[in-house]
Amino acid sequence: MIPYGRQTISDEDIAAVTAVLRSDFLTQGPVVPRFEEAVAAKVGARFAVAVNSATSALHLACLALGVGHGDVVWTVPNSFVASANCALYCEADVDFVDIDPHTYNMDVQALAAKCAEAASRGQLPKVVIPVHFAGQPCDMAAIGALAKQYGFKIIEDASHAIGASYQGNAIGDCRHSDVVVFSFHPVKIITTAEGGLALCNDAKLASKLALLRSHGVTRDSQLMTGTSDGPWYYEQVDLGLNYRMTEMQAALGLSQLPHLDAWVSRRHHIASCYHSELSDLPVMRPVQRQDRHSALHLYPIQVDNRRQVFEALRAAGIGVNVHYIPIHTQPFYQARGFRPGQFPVSEAYYSRAISLPLYSAMTDTQQDQVLSALRGALQ
Ligand SMILES: *Cc1c(COP(=O)(O)O)cnc(C)c1O
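Residues 29 to 407 (this note's numbering) are what the sequence shown spells out, left to right.
Laid out in C-alpha cells, this is it:
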C-alpha cells in the first residue's frame, strides 16, 4: 500500500534519538529548549513552547488567551476535529465559518459577514482559528485586519504548514496572529512521532503557555505569589496539565528540521507532476494562490463518484484518504445542535474529495503507480 502520507526517518534521526536514551534526561531536559529555539529561529518567532501534540498546543493556546465558559471560538468545518475540540476543553462554545470553494481555507467574506452579524448581537468570538488546509496559508492579512476591527484573537492551526510562507514571510512568525501551532505527527511535514509546538511573540503569553504545559507549577520566583520556603520550593499558581514533550521527541524533531525546505521542495515537485498529469482527467485539482507558498501537506482532488474512485484506488493498493469530514456533521457536534446543510461549501467539497499520496520520500515510480491506478479508477 502506498500511503497518503508518511514520515522519512534517517540513520541520523535514529542516532539522535538513541543518544538521548543514553543521556541523563528522558523528558524535558536540554534538548527540548534547543528544539524550541531552532523552530523559532527557522520561522522567525520570538518564543516557542514544545508540547506532546498539536492538540495540546491548541488547548494551551486557548487557555493562555483566556478562553473559558461563556466565550465563543470560531474555526472551519474542513479540519481535523482537534481544531474545534480545543475550545470545548476550555468550556467555551464553538461555531464555524465556511470555506472558500477554491482554496478550501476559511472564506474571508464569510468571516467578515459573520463578524458583522455577531457584533450586532454582541456575540463576537474571543478567538478565531484559521486552518492552513493542505499546507496553503489562509489569507492572514485579511483575517488579521478583521481581528483588529472586531477585537478577537487569532490562533493559526498550522498543523499542515511548517515550511509554508505567506507574502514572503514564514508561517509561524505570528505576524498576523497571537499564536501559531505546528503538528509533528508522522504524516505531517516533519515529525517527532507525537508532538506539537506553539509559537508567539509575546513574552507573557509564552511564559503562560510554558506554565500551563507543566501543571501550572513554577520554580521561577518572579511567577510566585509567596516567598520561597527553600531551594526545594515550587508553587502551583494556575491549573495546568502535563503536556510536556520528551527529549527523544525533541531530538527527532531537531534532527528532522534541517531537511524541512528540501522536503517541502520535493512535495512541490510531486504536486507539480500531479498537476500536469491530471490536466486531461475529469478531476478538479487544488488551486495555489500566487502570494503564498504551500507546505503541501496534502494533494486533495475532487471527483464525481468519489466513493467508487476511492474504493478502486484502495483496491489497487493506493492508500488514499479523505480530508475532512466536516466537523459540524460529526455525531458529537450534531448532539450539540449542529446540522448537515449549515456549511454547504465544506460539505460539497467533502462529498467529492480524495487526498492522493504525497510525502517527501515518495518515489517517481510510486507516483506513476498512483497515476495509473487513478486513470483506471476514473474509467
Ligand atoms: C494533525 C492535526 C491536528 C492535531 O495534531 P496532533 O499533533 O495529532 O495533535 C490539528 N489540526 C489539524 C488541522 C491537523 O491536521
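Cβ atoms here follow ideal geometry from the backbone N, Cα and C, with glycine treated the same way.
Minimum C-alpha distance to residue i - residue among the options
i	options	result
residue 66	190, 291, 318 and 402	190
residue 60	280, 71, 126 and 83	280
residue 143	117, 120 and 181	181
residue 405	358, 346 and 176	346
residue 247	265, 231 and 237	265
residue 210	158, 37, 251 and 232	158
residue 218	122, 272 and 285	285
residue 98	193, 154, 391 and 289	154
residue 78	96, 57 and 170	57
residue 107	278, 385, 367 and 188	188
residue 176	81, 140, 196 and 148	140
residue 1	168, 150 and 116	Because the chain is modelled from 29 through 407, residue 1 falls outside the range shown and cannot be assessed.
residue 82	390, 282 and 224	224
residue 215	395, 387 and 62	387
residue 163	342, 46 and 292	292
Residue range of the unbroken beta strand (DSSP E) whose run includes residue i
i	result
residue 327	327-330
residue 185	181-185
residue 76	75-79
residue 156	155-157
residue 374	Note, residue 374: premise wrong, no beta strand (DSSP E); alpha helix (DSSP H) at 372-380.
residue 283	Here residue 283 belongs to no beta strand (DSSP E); instead the alpha helix (DSSP H) covers 275-284.
residue 210	207-211
For residue j and residue i, believed in contact at Cβ under 8 Å, the rounded distance
i	j	result
residue 105	residue 338	About 20 Å separates the two Cβ atoms, so there is no contact after all.
residue 103	residue 112	5 Å
residue 39	residue 373	Rounded, the Cβ-Cβ distance is 45 Å, inconsistent with contact.
residue 72	residue 198	5 Å
residue 100	residue 276	That pair is no contact at about 38 Å.
residue 324	residue 295	4 Å
residue 110	residue 95	The pair is not a contact, with the Cβ atoms about 15 Å apart (cut-off 8 Å).
DSSP state of residue i mapped onto helix, strand, coil
i	result
residue 119	coil
residue 263	strand
residue 228	strand
residue 136	helix
residue 321	strand
residue 388	coil
residue 100	strand
residue 312	strand
residue 3	Since the displayed the chain opens at 29 and closes at 407, residue 3 lies outside it and no answer follows.
residue 256	coil
residue 270	strand
residue 55	strand
residue 292	helix
residue 198	strand
residue 338	helix
residue 366	coil
residue 357	helix
residue 124	strand
residue 349	strand
residue 215	coil
residue 30	strand
residue 393	helix
residue 107	coil
residue 398	helix
residue 383	strand
Distance cut-off 6 Å: residue i Cβ against heavy atoms of ligand 1
i	result
residue 76	no
residue 108	yes
residue 213	yes
residue 193	no
residue 323	no
residue 350	no
residue 82	yes
residue 196	no
residue 307	no
residue 163	no
residue 159	yes
residue 179	no
residue 224	yes
residue 185	yes
residue 111	yes
Range of the contiguous alpha helix (DSSP H) that encloses residue i
i	result
residue 45	39-49
residue 84	82-92
residue 67	59-71
residue 164	No alpha helix (DSSP H) contains residue 164, which DSSP labels as neither H nor E.
Cβ of residue i within 7 Å of any chain D Cβ
i	result
residue 57	No chain D is present in this structure, which holds just one protein chain.
Contact test: residue i Cβ vs ligand 3 heavy atom, cutoff 6 Å
i	result
residue 195	As far as ligands go, the structure on display features ligand 1 and does not contain ligand 3.
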